Structure formats: C-alpha cells, structure tokens
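Student:
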C-alpha cells in the first residue's frame, strides 16, 4: 500500500517548519529578523536573564555580601568572627554555584596551607614558588579528573583562589626571616571571602583584612547603593549584548569584519601583539579615544 492510499502526506514535515514557502536565504533572513520574531526573542531572553538561575545566584551573592557588611557594623565584634563569617558565606556562595565541585577548592586550599607551614618550618626562601607549584598542580589534577564541562564550571573560582594563595606565599618571601604563616581562620576568611571568591577580583591579604574591619553604617549604605547601581548597569549591558545586539549585527557580519589576528595571538613576538590582536576594534577604540587623547 502506497503512502497516498493510506491518507498520509508523502513528506512528514516537522512542527518547526514555517507556515509559508521560503524561496531563498534572503527571505528566510528577513523572517528571522522580523519585528514579531525580535519581540518574541527579547521576551524569552529577558526571562532567562532576570528570572532564571543566573539571576537567583547573583541575588544570593548580593544578600551574602550584604550580611557581611551588616556584621561589620556590629560593635564590638572580634575580627576572627568576621573572618569566619566571610569564609562561611563565601563557601555557601560557591556551593550554590558549584555544588559538590566545591570539594576541589577546599582540597587545594588545605594543600597550600599545609605547604605554607612546611616552608616556614624549613625556613626556605622559595615559599612563593612552592605554593605556585602546589596550586597549579592541584588545578592540573582537577582538569585531568573532571569532565570538561565540570572543570570549566569551577575554573574561574579556582584561578581566583590560586592567585590569592600564591600572593600570600610571595608576601611571606618578602618578609624574609620575619615570615609567619597566617592563622587558619584568617587564611580561610581571605581565600573564601564572599565578595571575591566567585568572580574575583584578586585582593591582597592585607587589603582584605583592612576591608573586613568594623565600618560605620553610613559607609555600608554607600557601598550597597554603589553595588545596586553597578548591578543595574550590568543587567542592562547583559540584556543588550545577549538579546539585542544580534539584531543590529547579524551573524553574517562576522564573515566580513575582521576582529582578531589568530596568528599574532598564538605565535606572538611580544605581549603587545597578543593585546592588539585579541580584539582589533577594541584596540582601535582605546587607541583613538583614550590613549592618544589622555596620555
């Protein structure tokens, strides 16, 4: 029995096919970038950004940082309590983002802290080098053990953690004979500081201890206002880059615009070649609008 006698169509079209005939690529491109399609894409993308898991994680980070600032206003509160709270809140934020993968951050932290004690006992002048070796070796082992998706998930926080621990090692080298290993509570509060453990930026140990000292309530409110302002700007730029920019610069534009020099990046003659070749439009902007204008 043939297909026509069974009353079925000769071709089983999928449900995602268009309801009208498309005769060429330009017609399909006009449909993809039509007003109705843009509005639907903008609504879906906005929901994913502001109502999705990313927004929840950022909100949790804001709340945890706000709690630490409130604790810093409570007087008299011992610095050790603030350091413990900072480390615990930072660990909570990492757990919410990495779940059980947080274990690798903790193992690297314990290995480096043990290395600091061993180097201090031996009175070696290469504490920073030893800490660097242990931290990078731990990261390499994680990369070998974990799947690529899992490792990429924790890579950012691991690199920030490594930068913090390595900086402490070199600070101890600069102290020479007066080098003392930071106590466990202080080192824990620094490495897992709630404000820098997930996204960074790197902060030196002394600056972190200074930031966690008791502060007045007015300065806390000022910090919260600045954080809220920066958060709103970040959401606006994220919405623009993820949901709107594609409609002004279609994907086909990438075939005609040159934005990088891969050979200069992979085989650079100097670090300048990497900086320039990584993003040519950004380099031209900074050169013409910033460097030549103000420096």
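In my numbering, the protein residues as written are 10 to 304.
The beta-carbon is built from N, C-alpha and C at its ideal position, and this holds for glycine as well.
These figures come from a predicted structure and were not determined experimentally.
(1) So, helix, strand or coil for residue 201, using DSSP?
(2) For the alpha helix (DSSP H) that contains residue 252, what are its first and last residues?
(3) Using three-state DSSP, classify residue 209 as helix, strand or coil.
(4) Taking residue 88 as the reference, give the member of 226, 197, 273 and 239 with the closest Cα.
(5) Between the beta-carbon of residue 206 and the beta-carbon of residue 147, is there less than 8 Å?
(6) Report buried or exposed for residue 309, applying the criterion of at least 16 other Cβ atoms within 10 angstroms of its Cβ.
(7) Quick one: what does DSSP say residue 288 is sitting in, helix, strand or coil?
(8) Would you say the beta carbon of residue 88 is closer than 7 Å to some non-hydrogen atom of the ligand NAP?
(9) Can you tell me whether residue 129 is helix, strand or coil according to DSSP?
(10) Find the nearest neighbour of residue 52 within the set 253, 218, 102 and 140, judged by alpha-carbon distance.
(11) Does the pairing of the stretch 88-100 with the stretch 132-147 give three or more beta-carbon distances under 8 Å?
(12) Should residue 83 and residue 136 be called a contact, given that it needs their Cβ atoms to be closer than 8 Å?
(13) Is DSSP giving residue 145 helix, strand or coil here?
(14) Skipping 5 residues on each side, what residues in its chain have a beta carbon closer than 6 Å to that of residue 171?
(15) Using three-state DSSP, classify residue 177 as helix, strand or coil.
(16) Are there 16 or more other CB atoms within 10 angstroms of the CB of residue 262, so buried, or fewer, so exposed?
Tutor: With the structure as the only source:
(1) In the chain shown, counting from the first residue as 1, residue 201 sits at position 192. Three-state DSSP puts residue 201 in coil, outside helix and strand.
(2) Position 243 of the chain shown, counted from the start, is the residue given in the question as residue 252. Where residue 252 is concerned, there is no enclosing alpha helix (DSSP H), given that its DSSP letter is neither H nor E.
(3) Numbered from 1 along the chain shown, position 200 holds the residue referred to as residue 209. Residue 209: coil per DSSP, three-state reduction.
(4) Position 79 of the chain shown, counting from 1, holds the residue named residue 88. Of 226, 197, 273 and 239, the residue nearest in Cα terms is 197.
(5) As a working note, residue 206 is residue 197 in the chain shown. As a working note, residue 147 is residue 138 in the chain shown. For residue 206 and residue 147, no; Cβs fall outside 8 Å.
(6) With the chain represented from 10 up to 304, any question about residue 309 goes unanswered, as that position is not in the structure.
(7) Taking the first residue of the chain shown as position 1, residue 288 is located at position 279. Of the three classes helix, strand and coil, the one that applies to residue 288 here is coil, per DSSP.
(8) Here there are no bound small molecules, and the ligand NAP is not part of this structure.
(9) Counting from one through the chain shown, the residue named residue 129 turns up at place 120. Residue 129 sits in a helix when the DSSP states are folded into three classes.
(10) To locate residue 52, count along the chain shown from 1; it is residue 43. Considering only alpha carbons, the answer is 253.
(11) These segments do not touch.
(12) Along the chain shown, read from residue 1 onward, the residue named residue 83 stands at position 74. Along the chain shown, read from residue 1 onward, the residue named residue 136 stands at position 127. Cβ distance not < 8 Å, so residue 83 and residue 136 don't count as in contact.
(13) Along the chain shown, read from residue 1 onward, the residue named residue 145 stands at position 136. Collapsing the DSSP output to three states places residue 145 in a helix.
(14) Taking the first residue of the chain shown as position 1, residue 171 is located at position 162. The answer, listed in chain order, is 144.
(15) One-based indexing of the chain shown puts residue 177 at position 168. Reduced to three states, the DSSP call for residue 177 is helix.
(16) The residue given as residue 262 occupies position 253 in the chain shown. The pLDDT assigned to residue 262 is 48, lower than 50, so where the model puts this residue is not dependable; a value taken from the coordinates is nonetheless given after this. Residue environment analysis places residue 262 among the exposed positions, since fewer than 16 neighbouring C-beta atoms fall within 10 angstroms of its C-beta.
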